[in-house]
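J.: As they're listed, the protein sequences go chains A, B and C. If you're matching positions, the first sequence starts at 10 in the working numbering and goes up one per residue. If you're matching positions, the second sequence starts at 813 in the working numbering and goes up one per residue. If you're matching positions, the third sequence starts at 162 in the working numbering and goes up one per residue. We put the beta carbon where it would ideally sit given N, CA and C, even for glycine. Shown below is the structure under consideration.
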Amino acid sequence: MKKCDLAIVGGGPAGLAAAIKAHELGLKDIYLLERDNFLGGQLVKQTHQFFGSHKQFAGTRGIDIAEIFKEKLAKREEIKVLKGAVAQGYYEDDVLGYSYNNSFYKLKPKRTILATGASEKMLAFPNNDLPGIYGAGAVQTLMNQYGIIPGEDILMVGAGNIGLIVAYQLLQAGVKVKAVIEATGSIGGYAVHASKIRRAGIPILTNHTIREAKGKEEVEGAVIQELDDDWQLVAGTARELAVDTICLAVGLTPKVDLAIQAGCQMAYVAELGGDVPVRDDCLQTSNPRVYIAGDSAGIEEATAAILEGELAAINVAQDILSDRKELIAEDKTTREKLKALRKGPVGEHVRKGLNKVRRNEDAGKDRYSRSWKG
Amino acid sequence: MRIKNHPILDFARDREITFYYNGQEIAAYPGETIASALHAAGIRKLSTSSKHHRPRGFFCAIGNCSSCFMVVDGEPNVKTCVVEVEEGMVVEEQEGRGDLSEKM
Amino acid sequence: MLEKTGIPEAGKVKNSLPSKERLKEGPVAVFECFTEIPCDPCYYSCSIGAIKEFEDINDLPELDFAACTGCGKCIANCPGLAIFVLDYNYSEEEGVVRIPYEYSPLPEEGEKVQALDRSGEVVGEARVEKVQNSKSQDKTAIIWLAMPREQILTVRNFKRGED
Chain A
10 MKKCDLAIVG GGPAGLAAAI KAHELGLKDI YLLERDNFLG GQLVKQTHQF FGSHKQFAGT
70 RGIDIAEIFK EKLAKREEIK VLKGAVAQGY YEDDVLGYSY NNSFYKLKPK RTILATGASE
130 KMLAFPNNDL PGIYGAGAVQ TLMNQYGIIP GEDILMVGAG NIGLIVAYQL LQAGVKVKAV
190 IEATGSIGGY AVHASKIRRA GIPILTNHTI REAKGKEEVE GAVIQELDDD WQLVAGTARE
250 LAVDTICLAV GLTPKVDLAI QAGCQMAYVA ELGGDVPVRD DCLQTSNPRV YIAGDSAGIE
310 EATAAILEGE LAAINVAQDI LSDRKELIAE DKTTREKLKA LRKGPVGEHV RKGLNKVRRN
370 EDAGKDRYSR SWKG
Chain B
813 MRIKNHPILD FARDREITFY YNGQEIAAYP GETIASALHA AGIRKLSTSS KHHRPRGFFC
873 AIGNCSSCFM VVDGEPNVKT CVVEVEEGMV VEEQEGRGDL SEKM
Chain C
162 MLEKTGIPEA GKVKNSLPSK ERLKEGPVAV FECFTEIPCD PCYYSCSIGA IKEFEDINDL
222 PELDFAACTG CGKCIANCPG LAIFVLDYNY SEEEGVVRIP YEYSPLPEEG EKVQALDRSG
282 EVVGEARVEK VQNSKSQDKT AIIWLAMPRE QILTVRNFKR GED
């Protein structure tokens with residue numbers, strides 16, 4: 010069994026930022042495990058320019074941010090980057106098991122940063138299992154990573170940022186977007202994204218839900234219907250749209266399997282997308298050897314994920330290399346950047362969510378009591 | 813259908829390869845996943861569900877949800893949304909749960 | 162309503178415009194950025210300092226119309242594609258709207274297109290006067306659309322003829 014200072018699970022924005030920062034701060038013995046055969050996570054399909062701070066890639070397209078990170082990582086040859094390595098389990102003795110090239114390996118890291126990302130949520134409606142119903146991320150993967158359109162005519166369900174951005178990307182790929190529907194009374198994503206597709210003639214229908222998908226072997230249509238302010242169907246408003254694809258952008262939920270295995274105290278926080286590990290301000294979970302960063306710590310966006318990855322790495326460096334002055338300063342500035350990013354009205358739900366997972370005696374106690382770390 | 817004209821992206825498609833889906837020859841490009849290459853050929857149904865025998869396609873395309881399982885070169889339960897297509901690969905629609913008994 | 166349809170209200174649009182006098186003086190940028198989001202690249206894109214530095218990254222951008230020369234450098238730097246340049250007196254008869262455009266293929270200079278308003282409705286015809294697509298724009302092209310000058314306050318997109 011190999012030992013190392015730091016293992017990072019996940020090579021998306023949080024994991025890449027963590028690996029580079031940890032190495033920059035002086036940690037040498039780092040493993041980065043990525044289950045895909047490529048690095049970058051979901052960045053590799055983000056064709057739009059990022060928002061956020063100019064100093065943290067705003068104005069740069071996600072696909073280019075992935076390249077910048079890959080270049081930075083390649084210069085740090087000491088980091089052991091394993092592509093196609095699937096972390097299979099985190100065991101009671103803090104051993105991380107992973108499969109790689111058809112073999113199983115064990116690794117005992119002094120610290121682990123879990124940056125495992127998220128899964129797309131499903132929505133319950135009749136025939137929601139038909140081929141042609143895809144998560145918004147899946148549509149991005151197909152379209153922007155492999156250059157294949159998901160269909161000719163599409164219905165987008167959900168007007169959060171992902172729904173709006175993917176609708177725009179569908180237009181760019183030459184797909185007809187019949188409508189973007191949103192069950193709540195207002196568009197959840199940034200208004201500029203909404204305006205961009207609206208002026209391309211795409212209707213955004215708030216207070217609308219999907220009733221069912223039509224089709225036998227695959228999607229041939231979708232029935233949508235209006236909702237009133239009490240979420241009740243408005244009689245007589247159901248109508249069928251001729252679409253061959255339905256795209257669900259109804260949210261993400263953190264991937265926390267390894268955190269649960271690591272005995273991290275968990276809490277259900279709707280604002281963060283579901284079950285997440287409770288953590289302190291340094292992103293350390295209730296298992297002191299395990300840190301969490303990015304979407305697996307709570308659904309946000311890539312800029313926050315990058316900063317969280319760096320913050321976790323800085324604190325791991327403090328644990329292992331002792332509290333050097335410059336680490337304390339870096340820790341402070343990174344936290345300030347995160348705070349600034351989350352300060353405005355769109356960061357409100359994240360702030361609310363984070364207040365519920367700050368590590369203390371009671372957080373999440375009602376749901377998970379398992380904690381063998383004491 | 814493959815995108816030919818894109819304002820932001822260029823797709824490298826220099827070398828064509830061939831694989832088999834239920835015996836049918838399908839053209840693909842290296843780097844494409846099995847499911848995406850099938851999708852480009854208009855094939856969206858990848859398997860049938862075990863209990864109600866309903867058609868299944870992929871859902872997440874990043875290896876999370878297991879909705880894309882197919883039999884690849886005789887091996888069942890292959891996540892075709894993340895496994896890259898290879899020259900001569902034999903891909904078959906999967907019926908229900910994959911039978912692993914032979915492999916064990 | 163912006164938060165229900167994606168179409169900004171007339172009042173919001175009006176507040177984002179410079180005075181009539183300034184419009185007539187020459188090209189000027191308008192920011193149709195109406196909700197507070199964490200974003201600041203526009204400030205860094207303006208080489209003459211006409212965009213106020215952000216105190217809080219979530220603040221709405223503030224443009225000094227008097228200082229703005231309408232150079233249009235900010236257009237392709239806005240991740241929200243929410244910046245347009247209006248040129249009321251482009252020629253004797255016409256005004257020009259410069260629009261960020263990320264579709265393929267790009268229109269040809271001289272091409273007649275259908276002018277669309279903020280809801281995507283056809284409101285008239287326009288002519289593609291110029292297509293800017295330099296490397297620094299990073300694939301956000303800027304299309305100069307010439308049209309009857311009273312329409313420059315309405316037109317924010319265009320549609321090419323069906324292929």
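Secondary structure at lysine 37 of chain A, three-state DSSP: helix, strand or coil?
T.: In the structure shown, lysine 37 of chain A sits in coil (DSSP, three-state: anything other than H, G, I, E or B).
J.: Would you grab the beta carbon distance between alanine 168 of chain A and glycine 210 of chain A for me? Rounded to a whole angstrom, and I think it's under 8 Å.
T.: About 16 Å separates the two Cβ atoms, so there is no contact after all.
J.: Would you be able to state if there are at least three C-beta pairs under 8 Å between the segment 307-323 of chain A and the segment 142-150 of chain A?
T.: No: the two stretches stay apart, fewer than three of their Cβ pairs being nearer than 8 Å.
J.: Please classify isoleucine 236 of chain C: does DSSP put it in a helix, a strand, or coil?
T.: Isoleucine 236 of chain C falls in the helix class under three-state DSSP.
J.: Which runs of the beta strand (DSSP E), 3 residues or longer, sit entirely within the segment 138-210 of chain A?
T.: Fully enclosed beta strand (DSSP E) runs of 3 or longer: 142-144, 162-166 and 185-191.
J.: For valine 292 of chain C, I'd like the list of residues in its chain whose CB is within less than 7 Å of its CB, leaving aside the five on either flank, ordered along the chain.
T.: For valine 292 of chain C, where only same-chain residues beyond five positions count, the Cβ hits under 7 Å are Leu267, Pro268, Glu270, Ala302 and Ile304.
J.: Determine which residues share a DSSP beta bridge with phenylalanine 113 of chain A and list them.
T.: According to DSSP, which records beta bridges pairwise, phenylalanine 113 of chain A is partnered with A:Ser108.
J.: According to DSSP, simplified to helix, strand and coil, what is aspartate 304 of chain A?
T.: Residue state, collapsed to three classes: helix.
J.: Check whether the segment 899-907 of chain B touches the segment 850-865 of chain B, counting contact only when three or more Cβ pairs, one atom from each stretch, lie closer than 8 Å.
T.: Yes, the segment 899-907 of chain B is in contact with the segment 850-865 of chain B.
J.: Answer yes or no: does any C-beta atom of chain B fall closer than 8 Å to that of glutamate 272 of chain C?
T.: Not an interface residue.
J.: Can you tell me whether lysine 857 of chain B is helix, strand or coil according to DSSP?
T.: Coil, per DSSP.
J.: At least one CB of chain B closer than 8 Å to the CB of alanine 182 of chain A: is that the case?
T.: Judged by the 8 Å Cβ criterion, alanine 182 of chain A is in contact with chain B.
J.: At a CB-CB cut-off below 9 Å, which residues of chain A make contact with alanine 839 of chain B?
T.: Going along chain A, no residue has its Cβ under 9 Å from alanine 839 of chain B, so there is no contact; the nearest lies around 13 Å.
J.: Expressed to the nearest angstrom, what Euclidean distance is found between the alpha-carbon atoms of glycine 875 of chain B and threonine 150 of chain A?
T.: If I take the Cα positions, the gap works out to 11 Å.
J.: Which of the three DSSP states is assigned to histidine 217 of chain A in this structure?
T.: Of the three classes helix, strand and coil, the one that applies to histidine 217 of chain A here is strand, per DSSP.
J.: Does the beta-carbon of leucine 316 of chain A have 16 or more other beta-carbons within 10 angstroms, so that it is buried, or is it exposed?
T.: That one is buried.
J.: Is any beta-carbon of chain A found at less than 8 Å from that of isoleucine 874 of chain B?
T.: Yes - at least one Cβ of chain A is within 8 Å of the one on isoleucine 874 of chain B.
J.: Would a check of beta-carbon distances place alanine 171 of chain C closer than 8 Å to chain A?
T.: For alanine 171 of chain C, the answer is no, since every Cβ of chain A falls outside 8 Å of its Cβ.
J.: Spatial neighbours of aspartate 328 of chain A within its chain, please: C-beta separation below 7 Å, excluding the five flanking residues on both sides.
T.: Closer than 7 Å at Cβ, skipping near neighbours: Arg120.
J.: When the Cβ atoms of the segment 119-134 of chain A are set against those of the segment 299-311 of chain A, are three or more pairs found closer than 8 Å?
T.: The segment 119-134 of chain A is in contact with the segment 299-311 of chain A.
J.: Whose C-beta lies closer than 7 Å to the C-beta of glutamate 339 of chain A among residues of the same chain, with five residues either side of it excluded?
T.: Cβ within range, chain order: Ile323.
J.: Buried or exposed for leucine 912 of chain B, please, with buried defined as at least 16 other CB atoms from any protein chain shown within 10 angstroms of its CB.
T.: By the neighbour-count rule (16 or more Cβ atoms within 10 Å), leucine 912 of chain B is not buried but exposed.
J.: Determine, using beta carbons only, whether serine 295 of chain C comes closer than 8 Å to chain A.
T.: No, serine 295 of chain C lies away from the interface with chain A (no Cβ there is under 8 Å from its Cβ).
J.: May I ask which residues mark the beginning and end of the alpha helix (DSSP H) holding cysteine 203 of chain C?
T.: From DSSP, the alpha helix (DSSP H) with cysteine 203 of chain C extends over 202-206.
J.: Going by DSSP, which residues form a beta bridge with threonine 830 of chain B?
T.: According to DSSP, threonine 830 of chain B bridges with B:Ala839.
J.: Would a check of beta-carbon distances place arginine 379 of chain A closer than 8 Å to chain B?
T.: Per-residue confidence for arginine 379 of chain A stands at a pLDDT of 41, beneath the threshold of 50, marking its modelled position as unreliable; the derived number appears in the next sentence. No, because no Cβ of chain B sits closer than 8 Å to the Cβ of arginine 379 of chain A.
J.: Could you tell me the distance, in whole angstroms, from the CA atom of asparagine 170 of chain A to the CA atom of leucine 247 of chain C?
T.: Using only the alpha carbons, I get a separation of about 28 Å.
J.: Determine the burial state of isoleucine 815 of chain B: buried for a count of at least 16 other Cβ atoms within 10 Å of its Cβ, exposed for fewer.
T.: Counting Cβ neighbours within 10 Å, isoleucine 815 of chain B comes out buried, since at least 16 surround it.
J.: Could one say the Cβ of glutamate 887 of chain B lies closer than 8 Å to chain A's Cβ atoms, at least one of them?
T.: By this cut-off, glutamate 887 of chain B is not an interface position.
J.: Could you give the first and the last residue of the continuous beta strand (DSSP E) run that contains aspartate 266 of chain A?
T.: Taken as a continuous stretch (DSSP letters only), aspartate 266 of chain A belongs to no beta strand (DSSP E), being part of the alpha helix (DSSP H) at 266-270.
J.: Just to confirm my understanding: we take cysteine 229 of chain C, look at its own chain, exclude 5 residues before and 5 after, and list those with CB closer than 7 Å. What are they?
T.: So the list reads Val189, Ala190 and Ala211, once near-sequence residues are dropped.
J.: Could you list which residues in chain B have their beta carbon closer than 7 Å to that of serine 265 of chain C, in chain order?
T.: Ordered by position in chain B, the residues that pass the 7 Å Cβ test against serine 265 of chain C are Asn817, His818 and Pro819.
J.: Just the C-alpha distance for glycine 282 of chain A and serine 206 of chain C, rounded to the nearest angstrom, thanks.
T.: If you take the alpha carbons of glycine 282 of chain A and serine 206 of chain C, they lie about 35 Å apart.
J.: Kindly say whether leucine 179 of chain A, judged by its beta-carbon, lies nearer than 8 Å to any beta-carbon of chain C.
T.: Cβ-Cβ to chain C under 8 Å: no for leucine 179 of chain A.
J.: Can you tell me whether DSSP reads glutamine 234 of chain A as helix, strand or coil?
T.: DSSP places glutamine 234 of chain A in strand when its eight states are reduced to three.
J.: Anything in chain A within Cβ reach of alanine 243 of chain C, meaning under 9 Å, just list it in chain order.
T.: Going along chain A in sequence order, the residues near alanine 243 of chain C (Cβ under 9 Å) are Ala200, Val201, Ser204 and Lys205.
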